[in-house]
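Note sheet for the following structure.
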């Protein structure tokens with residue numbers, strides 16, 4: 010079985026799906042001849058031709074709006090927005106149109122499209138190139154939001170996203186694009202959307218994370234072992250719809266929770282998860298829930314990036330705080 | 332105002348030397364993230380900025396360094412900003428894509444096309460607060476396909492605003508050729524929105540200066556916006572460190588890093604079929620050959636070289652000037668580095 014990084018795993022998922030389904034069209038800035046700024050679509054235009062891998066102008070609103078038209082007509086577009094910060098101009102298309110088509114037409118029209126976005130910080134890139142806008146997207150009804158945490162996960166989740174009848178925004182943590190290599194099988198396997206992954210069982214505290222933060226949490230879990238603290242780790246995988254059962258089942262067992270995300274703190278997804286736990290598992294809680302997050306500022310430049318991004322050290326502090334309540 | 336090629340050349344040379352210093356810092360790892368320089372577009376910037384005066388505003392793109400320098404911003408502040416120091420132009424918070432100077436009414440954005448609406452806002456304010464002042468927007472040909480830029484050209488036309496839209500056309504939208512993703516002619520597009528469009532050779536600083544002067548005069552006197560379409564060549568491509576350009580410039584230094592793993596992988600017995608690997612090798616060779624023909628490595632397109640050719644009639648003065656600018660920049664660099672991080 011080939012050991013692939015996330016870039017290669019996503020490329021393989023696209024390649025295999027495009028072979029199976031000729032309705033799948035890739036469009037985006039530099040995705041064709043150049044193979045994408047992170048080389049995710051490398052070789053796909055050579056293989057499938059210019060009609061199926063389309064270089065677009067620098068026009069993000071147009072890319073996403075066009076993808077919607079294609080999806081409604083019967084194609085399966087996979088659009089790429091080059092960097093997270095370039096997604097903001099598309100919010101009009103996403104919130105005002107794409108997320109509402111199914112509801113507006115009482116299910117007569119669905120909008121099967123995927124918007125892939127390299128996402129998040131950790132590569133020393135400046136603002137617009139290091140943002141984590143997942144909470145804005147999760148707040149928008151009618152779209153699914155998927156964030157893989159490993160190459161294997163990325164392939165299985167992307168295949169499910171492409172086959173899903175509804176619009177999916179697929180956020181790819183660029184920090185771990187090439188940081189992890191693991192076995193990624195060729196051929197068909199899918200990971201269902203809306204189901205979290207229990208990465209590691211533990212009895213003391215539930216840690217909830219997604220994307221690049223899963224790895225940080227696992228590193229923290231290793232450190233905590235030395236202090237005989239047993240962390241249960243949940244990778245949400247899909248933040249919308251969210252697997253509330255997986256969260257509450259775990260918190261009912263451990264009675265304690267820490268949520269880790271690199272997006273700013275205020276109105277981040279952590280706040281929503283805390284509210285859900287309060288609604289569904291309040292009487293099981295033994296301590297206030299802690300959040301380890303980015304800060305309420307635009308993503309800082311290189312020198313402050315390591316202060317901004319949650320790391321194992323900050324996670325360990327939060328877990329110990331919860332343990333000592 | 333009459334054309335003074337000496338002072339325009341001085342502006343361009345200062346900018347070039349500053350950007351070369353930035354490139355060295357970047358290659359030394361002192362500046363993070365990708366780096367977009369304006370080397371190759373100096374004639375356009377100088378030809379426009381030389382006409383600006385107090386109250387005039389600039390909306391810049393992700394290559395704003397030279398415009399700020401030519402407008403009179405202290406290069407020490409610019410460099411210390413790029414290095415992320417607290418006493419930099421924006422407190423070390425902006426970085427090279429987000430440079431601001433309140434004093435010079437200048438704002439930049441890393442979002443392609445965002446210069447248009449900002450310049451329209453500047454111009455509308457100028458109309459109220461400082462009649463006679465104008466706004467400029469600098470952007471590339473790739474930006475011309477962004478909705479917000481087209482919206483802003485329409486607004487400037489509909490409201491008859493004093494804006495000079497400067498399109499620095501290098502033929503590339505990031506790493507895709509613009510002609511493959513652009514419909515029609517850019518000048519015609521502006522004309523279609525009721526804005527006069529002027530074509531100018533962006534490598535010829537005198538021509539840009541003349542054309543920009545007429546457009547700015549017209550804006551100052553209430554005749555509305557102009558679209559200045561200037562072609563240029565960015566010698567570093569979209570961003571610094573573009574591998575193919577690097578390889579062609581210094582083949583002996585760069586080739587081993589590319590060819591050794593390529594050859595090894597070609598000889599490797601596992602993996603893809605031989606013909607597929609051969610295809611891969613051919614693709615790389617084709618890319619290298621295309622780069623050898625790339626205008627971005629031809630110094631005949633260099634606006635500084637073109638201006639210098641004219642000035643060479645007075646070699647003594649030219650050499651004195653260049654020596655003086657180089658000395659000035661080396662003083663700037665020692666000040667920047669002597670200060671240390673703050």
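Chains as they are written, first to last, in the working numbering: chain Y, 10 to 334; chain D, 332 to 673. Every residue, glycine too, gets a C-beta built ideally from N, C-alpha and C. The structure displayed is predicted, hence computed values, not measured ones.
Cβ of residue i within 9 Å of any chain Y Cβ
i	result
residue 439 of chain D	no
residue 443 of chain D	yes
residue 506 of chain D	yes
residue 396 of chain D	no
residue 606 of chain D	no
Span of the alpha helix (DSSP H), counted from its first residue to its last, around residue i
i	result
residue 557 of chain D	Per DSSP, residue 557 of chain D belongs to no alpha helix (DSSP H); it is in the beta strand (DSSP E), 557-562.
residue 182 of chain Y	Where residue 182 of chain Y is concerned, there is no enclosing alpha helix (DSSP H), although the beta strand (DSSP E) it sits in stretches over 177-182.
residue 315 of chain Y	311-317
residue 567 of chain D	That residue, residue 567 of chain D, is in no alpha helix (DSSP H); it is neither H nor E in DSSP.
residue 126 of chain Y	Here residue 126 of chain Y belongs to no alpha helix (DSSP H); instead the beta strand (DSSP E) covers 123-128.
residue 409 of chain D	406-413
residue 343 of chain D	336-358
residue 168 of chain Y	160-172
residue 144 of chain Y	143-147
Residue i, DSSP secondary structure in three states
i	result
residue 511 of chain D	helix
residue 332 of chain Y	helix
residue 153 of chain Y	strand
residue 398 of chain D	helix
residue 93 of chain Y	helix
residue 668 of chain D	helix
residue 465 of chain D	coil
residue 77 of chain Y	helix
residue 587 of chain D	helix
residue 432 of chain D	strand
residue 457 of chain D	helix
residue 599 of chain D	coil
residue 370 of chain D	coil
residue 389 of chain D	strand
Distance, residue j Cα to residue i Cα
i	j	result
residue 279 of chain Y	residue 333 of chain Y	21 Å
residue 522 of chain D	residue 530 of chain D	12 Å
residue 177 of chain Y	residue 168 of chain Y	11 Å
residue 503 of chain D	residue 615 of chain D	20 Å
residue 541 of chain D	residue 347 of chain D	22 Å
residue 554 of chain D	residue 494 of chain D	10 Å
residue 617 of chain D	residue 243 of chain Y	47 Å
residue 597 of chain D	residue 587 of chain D	15 Å
residue 112 of chain Y	residue 151 of chain Y	8 Å
residue 394 of chain D	residue 46 of chain Y	19 Å
residue 337 of chain D	residue 642 of chain D	8 Å
residue 92 of chain Y	residue 648 of chain D	48 Å
residue 443 of chain D	residue 561 of chain D	18 Å
residue 632 of chain D	residue 377 of chain D	16 Å
residue 262 of chain Y	residue 224 of chain Y	23 Å
residue 199 of chain Y	residue 71 of chain Y	30 Å
residue 88 of chain Y	residue 439 of chain D	28 Å
residue 509 of chain D	residue 471 of chain D	10 Å
residue 57 of chain Y	residue 42 of chain Y	12 Å
residue 323 of chain Y	residue 299 of chain Y	11 Å
Interface flag, residue i vs chain D, CB-CB below 9 Å
i	result
residue 318 of chain Y	no
residue 95 of chain Y	yes
residue 167 of chain Y	no
residue 62 of chain Y	no
residue 193 of chain Y	no
residue 188 of chain Y	no
residue 134 of chain Y	yes
residue 98 of chain Y	yes
residue 46 of chain Y	yes
residue 68 of chain Y	yes
residue 54 of chain Y	no
Minimum Cβ-Cβ distance from residue i to chain A less than 9 Å
i	result
residue 474 of chain D	Judged by its chain identifiers, the structure shown contains no chain A, and its protein chains are Y and D.
The beta strand (DSSP E) enclosing residue i, as first and last residue numbers
i	result
residue 300 of chain Y	299-302
residue 117 of chain Y	Segment: none, residue 117 of chain Y is in no beta strand (DSSP E) and carries neither H nor E.
residue 259 of chain Y	That residue, residue 259 of chain Y, is in no beta strand (DSSP E); its alpha helix (DSSP H) goes 253-263.
residue 438 of chain D	437-439
Check: residue i C-beta below 8 Å from any heavy atom of the ligand SAH
i	result
residue 151 of chain Y	Judged by which ligands are present, the structure shown has none, so any question about the ligand SAH falls away.
- Item | Every unbroken alpha helix (DSSP H) inside the stretch 23-70 of chain Y [4 residues or more] | With a minimum length of 4 residues, the continuous alpha helix (DSSP H) runs that stay inside the stretch 23-70 of chain Y are 53-57.
### Task
Report the residue ranges of all alpha helix (DSSP H) runs contained in full by the stretch 205-243 of chain Y; include only those spanning at least 4 residues, in chain order.
Complete alpha helix (DSSP H) runs here, min 4: 222-235.
inquiry  = Give the list of continuous alpha helix (DSSP H) stretches no shorter than 4 residues that lie fully inside the stretch 468-543 of chain D.
reply    = List check, alpha helix (DSSP H) in window: 478-489, 517-523.
Report task. Any chance you could list the alpha helix (DSSP H) runs of at least 4 consecutive residues sitting entirely within the stretch 609-660 of chain D, in chain order? Result -> DSSP runs (the alpha helix (DSSP H)) wholly in the stretch 609-660 of chain D: 634-642.
Next on the checklist: Please give me, in chain order, every unbroken run of the beta strand (DSSP E) with length at least 3 that falls completely inside the stretch 263-289 of chain Y.
Outcome noted: Secondary structure in the stretch 263-289 of chain Y: the beta strand (DSSP E) runs of 3 residues or longer, each lying completely within the stretch, are 266-270 in chain order.
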